[in-house]
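Visitor:
In our numbering, the protein residues as written are 562 to 754.
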């Protein structure tokens, strides 16, 4: 399954590049994630917790940089993980590309190729919904990162170090709300115009 999403940062590309390659800092901003071990300069072990309604899923896995192109501000990461209760797993290859959108503004485009297996694959049947939920996760990550960046300029960290499970149900409702809002907004503008 191919998923494309992204976010904006109010940083120049070179500074955003340095921030996003600081894996310990980035991991603190990923909803439900915890970095547990640095295996080598390009590989990390971690875990992530996800709640799907009454079902709590937890994955242990690894992520490895397979390409770091500093001149193009692009990285490729390969990640895999297994659900801790043996309900399946996931493998993904993701590319992150940074581009300047305006002076002091950076767009981070993310292209992911995701494969789910086992019982976990049952939850990933709707590619459009998985893509929308992925964007919601990216939005939460970006908001937390922006808050962490703002707090590092001021008084102390704003990020809670304890990982919290991601509520997929809340993500789905948020995704549906945004989709409904997109449908209503153009109609309201047409009626007003």
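We put the CB at the ideal spot given by N, CA and C, even for glycine.
From which residue to which residue does the beta strand (DSSP E) around residue 572 run?
Guide: Element bounds for residue 572: n/a, residue is neither H nor E.
Visitor: With DSSP collapsed to three states, give me the class of residue 583.
Guide: Three-state result, residue 583: coil.
Visitor: Kindly indicate which three-state DSSP category residue 673 falls into: helix, strand or coil?
Guide: It is a strand residue.
Visitor: Starting from residue 642, trace the beta strand (DSSP E) in both directions and tell me its first and last residue.
Guide: Run containing residue 642: 635-644, per the beta strand (DSSP E) assignment.
Visitor: Between which two residues does the beta strand (DSSP E) holding residue 656 run?
Guide: Note, residue 656: beta strand (DSSP E), 650-663.
Visitor: State yes or no: is the C-beta of residue 626 within less than 8 Å of the C-beta of residue 651?
Guide: Contact flag unset, no.
Visitor: Quick one: grab the DSSP three-state call for residue 593.
Guide: Note: residue 593 maps to coil in three-state DSSP.
Visitor: Quick one: what does DSSP say residue 607 is sitting in, helix, strand or coil?
Guide: Strand.
Visitor: Using a Cβ-Cβ cutoff of less than 7 Å, which residues in the same chain neighbour residue 571 once the five nearest sequence positions on both sides are dropped?
Guide: Answer for residue 571: 665, 666, listed in chain order.
Visitor: Shortest alpha-carbon distance to residue 647 belongs to which of 584, 618, 657?
Guide: For residue 647, the nearest C-alpha among the options comes from 618.
Visitor: For residue 707, which beta-bridge partners are listed by DSSP?
Guide: Partner(s): none; residue 707 has no beta bridge.
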